[in-house]
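Quick notes on the structure that follows.
There are 2 protein chains.
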Amino acid sequence: MAFMLCAVIMAAVPAYAKAKKVRVYKGKSAKYVFLFIGDGMGLPQKSATEAFTGEQLTMNTFPAQGMTTTSAANRFIVGSAAAATAIASGQETNIGMLGMAPSQKHVKSIAEMAKADGKKVGIVSSVSIDHATPAAFYAHVPTRGQYYDIDVALSESNFDYFAGGGLKDITNKKKNSKNFKGNALDLIKEAGYKVVTDKETFNAIKPGDGKVIAWNAWLQDSKALPYAMDMTEKDITLPEFTAKAIEMLDNPEGFFLMVEGGKIDWACHANDAAAFIHNTVAFDNSIKEAVEFAKKHPNETLIVVTGDHECGGLTLGFAGTKYGSYFDALQPQTISFQQFSDEVVKLWKEEHKGEAGFEDFQPTITHFFGLEFEGDFKNNPLIVKDYQLAMLKDAYVRTMKGEKKFKDPELYNLYGGYDPLTVTITHVLNNNAGLGWTSYKHTGVPVATSAMGVGSSSFNGYYHNTDIAYKIMSIMGMTPKVHASINNAEFAAK
Amino acid sequence: MAFMLCAVIMAAVPAYAKAKKVRVYKGKSAKYVFLFIGDGMGLPQKSATEAFTGEQLTMNTFPAQGMTTTSAANRFIVGSAAAATAIASGQETNIGMLGMAPSQKHVKSIAEMAKADGKKVGIVSSVSIDHATPAAFYAHVPTRGQYYDIDVALSESNFDYFAGGGLKDITNKKKNSKNFKGNALDLIKEAGYKVVTDKETFNAIKPGDGKVIAWNAWLQDSKALPYAMDMTEKDITLPEFTAKAIEMLDNPEGFFLMVEGGKIDWACHANDAAAFIHNTVAFDNSIKEAVEFAKKHPNETLIVVTGDHECGGLTLGFAGTKYGSYFDALQPQTISFQQFSDEVVKLWKEEHKGEAGFEDFQPTITHFFGLEFEGDFKNNPLIVKDYQLAMLKDAYVRTMKGEKKFKDPELYNLYGGYDPLTVTITHVLNNNAGLGWTSYKHTGVPVATSAMGVGSSSFNGYYHNTDIAYKIMSIMGMTPKVHASINNAEFAAK
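As given, the protein sequences belong to chains W and S, one line each in that order.
Per the numbering used here, the first sequence starts with residue -9, numbered consecutively.
Per the numbering used here, the second sequence starts with residue -9, numbered consecutively.
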């Protein structure tokens, strides 16, 4: 009976989540369409960013604001592949699937439809450009990990501009492709793409240069852009990739541009508030580029901003801080969890393994995160409490031993597969700032969707993520008649 | 420096939160206006309720859906008094203040304006009717704990219908009133109110009976209605109090009715998911009563539903359950945390103190919460894990010792001032269902506001809680000219 109960619950995606209420847009079609997807960006992420900066996010000033449910066909808590497929194609699908229905029948994305309509298409992401969210706009694979097949799909997309992070598996080193066609980067070049991997060349590219794929010289982790807080002026930022996209795509037939803020999610998986906040600011600054364009084309532009799901179970309140909020406590942090564990902790281990105790490492924590180890915590949220010191010491020992994967449920809850010391530091700092985390994975709370421009009022309300695709298709004037090949059944039925 | 940093942060309520964008409504005024306030009801509370029941909440079907920021004048995380003052009067104020600006100048509520306009007015709550949220509609006191003064204000309100919970301090036993006028219940009777405290009499009251104050015979805690899951058929439910309100208030001049789901908040403070879910269902069933009324008066009715703030830092994901959600694990719970600690734990302590160990108590936990102590947790979310068993045993020992208030920060994080055993049981059960909590207090994430009927589209968007009052006033046709005494400055400036 117990097992059955569990099995029943596993599949319980509420029926209401699948109800669709698409208003078919009757006005003049939008010629220029921007879709911004903040990966892992729920309402708490947006609010924490505003509270930290003291300024309203541009996306929150948009006239239309809706709430969007996110569940997948086979799981309440969605993953980025199923979420991106829903947003890109209007097709609810299973976890891990890209550009297809649960039946594996392919579905066309807004980007593919726009391209077929003669528009230019751009795809920008702060993570690898073959990662689940961008890939849902051009690839059709049953498993998001088929990076080689996705890279080949990119080469065959004929889209005009890919930019941000790199490519994860151009040589099929994962050996999970059944259809090897040669080095995917060669295929991309053969398809006519100019490949740009340094800032100087990037700055010089112009619309006449034809199809482009561009990434930053420094790809920090899994072929992604560095976290915004780790970048130097040598790096190309997400707003810069977005501004260049607009320059490259602008043409009389119009364009569709998708920009993903992909590392908001990764920072939230690791429970690092400062890292996701700085990346959310960068993401919002990318949106500002679109708003500037829209000012010049006010009656022809639609800008839609959404999140694909919340990540980390972030809340703006913590037991220990009660009703207090101390967002400024996040100001002293000058490094992402990733860079800290990849560089600082690694170097410390190499230089001091077996010799140095936690006390020796304390000044390094203070230097990069601002946490202090002496003083009265009642007067300063940066002061580490006794129980937090004990947690940090435990974590330090585990880090020095090289422990990382924890099967014990209690230890998993504490560290979630991250470097124990680094994740404990961000937990302590975030908690003292008045922020709580409950998970290292996504959560199932609805996200916010914002819109401005042509047809934007249809983004008010409370709707499932699949509706975002249908609304955009409708506002772009893309109908099943024009795209007879698509399998987007609910849309076709309208 | 440290102290200054802290002081600066304490006051940091973002400036954007105070920006107001009120659209003055130009259409036909609403004659019948409902305002439902789910205390502590953030987006996670609504989503968890939908996931548990498998049905969309009525409030989530409303055509207008907005997001509402909640901060107080002097704190990012709001309290119910400041939040209710903002929603009732459009006045942002300090924590704890009711019906007044930070300067202590009184502000008129929508309810008072409606009464002055010749409409009937009703105030319903599942907590005591002099609690912060209902009191903000008729009282003006600098401290929400002035229950006697609030009870006197109720007697002087001339509102037509008060119902739900009872009165907290009719004799000024807290001795915090500077203006004692005698027993407040006597004042209420002298003002012409019929006082109803049993279900039979309640069912029999009719519109011709004049002004009424009614509460349930069993007031569970702090003069509040019992939790929905603890009620029997002898009790009067929130939907029944709401239906009677409509019957009593319906008249050709129109009415304003505020209904608070007050114990959603209290259950969330205690981190008890089943308790808040059943109360959210009851709250939504109350909204259904208003929707039925609106169907009969489609062009004259406005229904607005909001939350005053999130509570508990609830998220729909927990580290230990990763991407899994097991909402059905909450089904076996048949008692609220309150009733369990008030009755079951109390009785056990009286009967077994010093004799019985945790193992003896296990069957009682299984009986009331469904948690099981043997089996493989991988196949059943109701199985208690080893580390959770250790937490329960620790908590059991503390409960048997009568420990409750914890100054130690680590212990406070674990128990938050609740009965250690009871709150640990709900933590374990909720976590295993895939739900996380981060706090025993409110949090600062925006809430959702839903509206249907006359002027409802103005509730789309992203706005501060004070805007709710101005929107309703505008849609009810209430202007500063009519209510020259009000100090609602921003409204007057329009």
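C-beta: ideal position from N, C-alpha, C; glycine also.
Give me the chain B residues within the contact set of residue 53(S), using Cβ-Cβ distance strictly less than 8 Å, ordered along the chain.
The chain inventory of the structure shown lacks chain B, comprising the protein chains W and S.
inquiry  = If the criterion is Cβ atoms closer than 8 Å, does the pair residue 255(W) and residue 48(W) meet it?
reply    = Against the first sequence, residue 255(W) aligns to sequence position 265. Against the first sequence, residue 48(W) aligns to sequence position 58. By the CB criterion at 8 Å, residue 255(W) and residue 48(W) fall outside the cutoff.
Per-residue DSSP class, three states only, for residue 237(S)
Within the second sequence, numbered from 1, the residue matching residue 237(S) stands at position 247. In the three-state reduction of the DSSP assignment, residue 237(S) falls in the helix class.
Which residues bound the alpha helix (DSSP H) around residue 377(S)?
As a first step, residue 377(S) is located in the second sequence; it is residue number 387 there, counting from the start. Unbroken alpha helix (DSSP H) run through residue 377(S): 376 to 391.
Exercise. Reducing DSSP to helix, strand and coil, say where residue 441(S) ends up.
Key: Residue mapping note: residue 441(S) aligns to position 451 of the second sequence, counting from 1. The DSSP-derived three-state label of residue 441(S) is strand.
- [ ] Consult DSSP for residue 212(W) and reduce its assignment to one of helix, strand or coil.
- [x] Counted from its first residue, the first sequence places residue 212(W) at position 222. Residue 212(W) falls in the coil class under three-state DSSP.
Point to revise | Interface residues of chain W facing residue 66(S) [CB-CB closer than 7 Å] | key: Residue mapping note: residue 66(S) aligns to position 76 of the second sequence, counting from 1. Result: 41 and 315.
**Item:** Minimum Cβ-Cβ distance from residue 402(S) to chain W less than 8 Å
**Value:** In the second sequence, the residue the question calls residue 402(S) occupies position 412. Yes, contact with chain W.
Report yes if the CB atom of residue 116(W) is closer than 8 Å to the CB atom of residue 228(W), and no otherwise.
Against the first sequence, residue 116(W) aligns to sequence position 126. Against the first sequence, residue 228(W) aligns to sequence position 238. Cβ distance < 8 Å, so residue 116(W) and residue 228(W) count as in contact.
Q.
Please confirm whether residue 460(W) has its beta-carbon closer than 8 Å to some beta-carbon of chain S.
A. To locate residue 460(W), count along the first sequence from 1; it is residue 470. Not closer than 8 Å to any Cβ of chain S, the Cβ of residue 460(W) fails to qualify, so no.
* For residue 112(S), which residues does DSSP report across the bridge? -> For the purposes of this step, residue 112(S) is identified with residue 122 of the second sequence, where counting begins at 1. Paired residue(s): 151(S) and 247(S).
- prompt: Quick one: is residue -6(S) buried, meaning 16 or more other Cβ sit within 10 Å of its Cβ, or exposed?
  reply: Translated into positions along the second sequence, residue -6(S) becomes position 4. Annotation note: pLDDT 37 at residue -6(S) (below 50); position unreliable, coordinate value reported separately. Per the 10 Å Cβ criterion, exposed.
Same chain, Cβ closer than 6 Å to residue 319(W), neighbours up to 5 away in sequence not counted = Taking the first residue of the first sequence as 1, we reach residue 319(W) at position 329. Result list for residue 319(W): 371, 372, 422 and 423, in chain order.
Worksheet item: When the cut-off is 8 Å and only beta carbons count, does residue 454(S) lie next to chain W?
Response: Position 464 of the second sequence, counting from 1, holds the residue named residue 454(S). The beta carbon of residue 454(S) sits no closer than 8 Å to any beta carbon of chain W.
Query raised in the report: Is it right to say residue 39(W) is buried, meaning 16 or more other beta carbons lie within 10 angstroms of its own, or is it exposed?
Result: The residue labelled residue 39(W) in the question sits at position 49 within the first sequence. Residue 39(W) should be labelled buried.
For this session: Have a look at residue 276(S) and residue 282(W) and give me their C-alpha separation to the nearest angstrom.
Result: Residue numbering aside, residue 276(S) sits at position 286 when the second sequence is read from its first letter. Residue numbering aside, residue 282(W) sits at position 292 when the first sequence is read from its first letter. Computed Cα separation, rounded: 46 Å.
_Restricting to Cα atoms, I'd like to know which of 259(W), 152(W) and 448(W) is closest to residue 493(W)._
Any answer about residue 493(W) is impossible in this case: the structure gives chain W only from -9 up to 484.
Going by beta-carbon coordinates alone, are residue 293(S) and residue 355(S) separated by less than 8 Å? Stepping through the second sequence from its first residue, residue 293(S) is reached at position 303. Stepping through the second sequence from its first residue, residue 355(S) is reached at position 365. Not a contact, by the Cβ cut-off of 8 Å.
- prompt: Is there contact here, the stretch 82 to 94 of chain W with the stretch 103 to 115 of chain W, by at least three beta-carbon pairs under 8 Å?
  reply: Short answer: they don't touch.
Per DSSP, what kind of secondary structure is residue 464(S) in: helix, strand or coil? As a first step, residue 464(S) must be located in the second sequence, where it is residue number 474. Helix.
Subject >> Residue of 19(S), 230(S) and 23(S) minimising C-alpha distance to residue 190(S) >> reply: Residue mapping note: residue 190(S) aligns to position 200 of the second sequence, counting from 1. For residue 190(S), the closest C-alpha among the options 19(S), 230(S) and 23(S) is that of 230(S).
In DSSP terms, what residue 57(S) is bridged to = Numbered from its first residue, the second sequence carries residue 57(S) at position 67. DSSP lists 438(S) and 452(S) as partners of residue 57(S).
Along chain W, which residues have their Cβ under 8 Å away from the Cβ of residue 308(S)? As a working note, residue 308(S) is residue 318 in the second sequence. By Cβ distance, chain W contributes 303, 428 and 429.
Checklist entry - Should the stretch 376 to 388 of chain W be regarded as contacting the stretch 432 to 449 of chain W, the criterion being three or more beta carbon pairs within less than 8 Å? => result They do not touch, by the three-pair rule.
At the 8 Å Cβ level, is residue 465(W) part of the contact set with chain S, yes or no? What you label residue 465(W) is simply residue 475 of the first sequence in a count that begins at 1. No, residue 465(W) lies away from the interface with chain S (no Cβ there is under 8 Å from its Cβ).
_Close beta carbons around residue 133(S), own chain, < 7 Å, minus the five adjacent residues each side_ = As a first step, residue 133(S) is located in the second sequence; it is residue number 143 there, counting from the start. Counting only Cβ-Cβ distances below 7 Å, and skipping sequence neighbours, we find 86.
Closer than 8 Å at the beta carbon, the chain S residues around residue 145(W):
Counting from one through the first sequence, the residue named residue 145(W) turns up at place 155. Correct list: empty, because the minimum Cβ distance to chain S is about 32 Å.
Other residues of its chain near residue 201(S): CB distance less than 6 Å, five sequence neighbours each side excluded:
Along the second sequence, read from residue 1 onward, the residue named residue 201(S) stands at position 211. 150, 182 and 183.
### Task
Mind listing the chain S neighbours of residue 121(W)? Cutoff is C-beta to C-beta under 9 Å, in chain order.
For the purposes of this step, residue 121(W) is taken as the residue at position 131 of the first sequence. In chain order: nothing, as chain S lies at least about 18 Å away.
Original post:
So does the stretch 321 to 334 of chain S actually touch the stretch 291 to 311 of chain S, counting three or more Cβ pairs closer than 8 Å?
Top reply: In short, these stretches do not touch, since the Cβ pair count stays below three.
**Request:** Quick one: residues in its chain with C-beta nearer than 6 Å to the C-beta of residue 55(S), no 5 flanking neighbours on either side, listed in chain order?
**Result:** As a working note, residue 55(S) is residue 65 in the second sequence. Once the five neighbours on either side are set aside, the close Cβ partners of residue 55(S) are 440.
Next on the checklist: Tell me whether the stretch 241 to 255 of chain W and the stretch 202 to 220 of chain W touch, counting them as touching only if at least three CB pairs, one residue from each stretch, are closer than 8 Å.
Outcome noted: Short answer: they touch.
Exercise. Could you give the DSSP three-state label for residue 24(W): helix, strand or coil?
Key: Within the first sequence, residue 24(W) is the residue found at index 34, counting from 1. The DSSP-derived three-state label of residue 24(W) is strand.
- Query: Skipping 5 residues on each side, what residues in its chain have a beta carbon closer than 7 Å to that of residue 266(S)?
  - Reply: To locate residue 266(S), count along the second sequence from 1; it is residue 276. Cβ within range, chain order: 35, 254, 257 and 258.
For residue 396(S) and residue 433(S), what's the separation of their Cα atoms in angstroms?
Position 406 of the second sequence, counting from 1, holds the residue named residue 396(S). Position 443 of the second sequence, counting from 1, holds the residue named residue 433(S). Going from the Cα of residue 396(S) to the Cα of residue 433(S) covers about 21 Å.
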